[in-house]
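One line per chain: the protein sequences are D and F, in this order. Counting from 92, one number per residue, gives the positions in the first sequence under my numbering. Counting from -18, one number per residue, gives the positions in the second sequence under my numbering. Beta carbons are placed, not taken as given, at the ideal position from N, Cα and C, and that holds for glycine. Just so it is clear, the structure is predicted and the values come from calculations on it, not from any experiment.
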Amino acid sequence: QKEVEQDPGPLSVPEGAIVSLNCTYSNSAFQYFMWYRQYSRKGPELLMYTYSSGNKEDGRFTAQVDKSSKYISLFIRDSQPSDSATYLCAMKDTGRRALTFGSGTRLQVQP
Amino acid sequence: GAVVSQHPSWVICKSGTSVKIECRSLDFQATTMFWYRQFPKQSLMLMATSNEGSKATYEQGVEKDKFLINHASLTLSTLTVTSAHPEDSSFYICSASQALGDSPLHFGNGTRLTVT
């Protein structure tokens, strides 16, 4: 079993839709949770960074963490074609500075 | 915001030659940098952790004599792929964090290596 599970997609939605991306994890030591966006042939770009259960909002993006269920989500409101990319969840524990990534979900927003 | 610069963005080399990839933190000091490898449509896999002034720590299965890492300063780490083979063709990405503790990692734009 992988430490971090993420549905690879692809996920195709119409412009303006609300997108929900999810990851589950098995390692209860993970305390820090991140979402990255990666365009083709580019490095990952940090979108959200959280370290506590609950919601964190930044513009059209909301990150949600449920440590009791070992489940994290990223919501994208009013999705745009420019949001089309691969979204990677990542997490780490306090004893290790490197990240453990999910496999990434490919999102396609249709105009 | 924290910026990590990686160079070159792409490189083609012949089998048996060596290739050096640079990773720089432009506006902050990074005591630790990380090197990842990504195959097409797959996630990032950690190769090694690069610590300034000391030897790198390699993940299991990564050949340290093939992937030489040097972290000579607080803003520069290099990855040298020695005696490259076609199976080394991949997307190599570095990352760094601003300080000790739990600040988030920022990534370079990656280097696409093609070995012919």
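Work out the CA separation of residue j and residue i for me, nearest whole Å.
i, j, result
"P202/D", "S111/D", "18 Å"
"I2/F", "T92/F", "7 Å"
"T30/F", "Y39/F", "6 Å"
"A154/D", "D69/F", "36 Å"
"L138/D", "K158/D", "20 Å"
"A120/D", "A53/F", "32 Å"
"Q41/F", "L49/F", "15 Å"
"S(-14)/F", "N90/F", "7 Å"
"S194/D", "P21/F", "11 Å"
Figure out for me which residue from the options has the closest Cα to the Cα of residue i.
i, options, result
"S71/F", "S(-14)/F, A(-17)/F and S(-10)/F", "S(-10)/F"
"E33/F", "T56/F, H(-12)/F and H66/F", "T56/F"
"L165/D", "E94/D, T115/D, P105/D and K93/D", "T115/D"
"C75/F", "M139/D, G100/D and L190/D", "L190/D"
"T13/F", "R168/D, D174/D, R188/D and G145/D", "R188/D"
"P67/F", "A37/F, I50/F, L7/F and V96/F", "V96/F"
"G186/D", "N118/D, I109/D and P105/D", "N118/D"
"L60/F", "S(-1)/F, V(-16)/F and K(-5)/F", "S(-1)/F"
How is the beta strand (DSSP E) around residue i delimited, first residue to last?
i, result
"K183/D", "A176 to D184"
"P105/D", "L102 to P105"
"R18/F", "T13 to Q19"
"Y123/D", "F121 to Q129"
"T90/D", "This structure cannot speak to residue 90/D, because chain D is shown only from 92 to 202."
"Q201/D", "T196 to Q201"
"F9/F", "Neither: F9/F is in no beta strand (DSSP E) and is coded neither H nor E."
"D149/D", "G145 to D149"
"L190/D", "Segment: none, L190/D is in no beta strand (DSSP E) and carries neither H nor E."
"S160/D", "First-last for S160/D: undefined, no H or E at that position."
"L55/F", "No beta strand (DSSP E) contains L55/F, which DSSP labels as neither H nor E."
"S(-14)/F", "V(-15) to H(-12)"
"V110/D", "V110 to Y116"
"V43/F", "Segment: none, V43/F is in no beta strand (DSSP E) and carries neither H nor E."
Quiz prompt | Residues from the segment 2 to 19 of chain F in contact with chain D, defined by Cβ distance under 8 Å | solution = Within the segment 2 to 19 of chain F, the qualifying residues are T13 and F15.
Quiz item: Where in the segment 58 to 95 of chain F do unbroken runs of the beta strand (DSSP E), each at least 3 residues long, occur, reported from the N-terminal end onward?
Solution: 71 to 77
Self-check item: Contact residues within the segment 21 to 43 of chain F, judged by C-beta distance below 9 Å to chain D
Solution: K22, Q23, S24, L25, M26, L27, T30 and E40
Quiz item: Residues in the segment 152 to 181 of chain D with C-beta within 9 Å of chain F's C-beta atoms, listed in sequence order?
Solution: Interface annotation for the segment 152 to 181 of chain D against chain F: T177, L179 and A181, criterion Cβ-Cβ distance under 9 Å.
Self-check item: the segment 128 to 139 of chain D: positions lying closer than 8 Å to chain F by Cβ
Solution: Within the segment 128 to 139 of chain D, contact with chain F at the beta-carbon level (separation under 8 Å) is assigned to R132, K133, G134, P135, E136 and L137.
Quiz prompt | Against chain F: residues of the segment 187 to 198 of chain D by CB proximity under 7 Å | solution = R188, A189, L190, F192, G193, S194 and G195
Practice problem: Could you list the residues in the segment 46 to 59 of chain F with a C-beta less than 7 Å from some C-beta on chain D, going in chain order? | Solution: none
Quiz item: Mind listing which residues of the segment 62 to 87 of chain F have their C-beta closer than 7 Å to chain D's C-betas, in chain order?
Solution: Closer than 7 Å at the C-beta level to chain D, one finds these residues of the segment 62 to 87 of chain F: I74, S78, D83, P85, L86 and H87.
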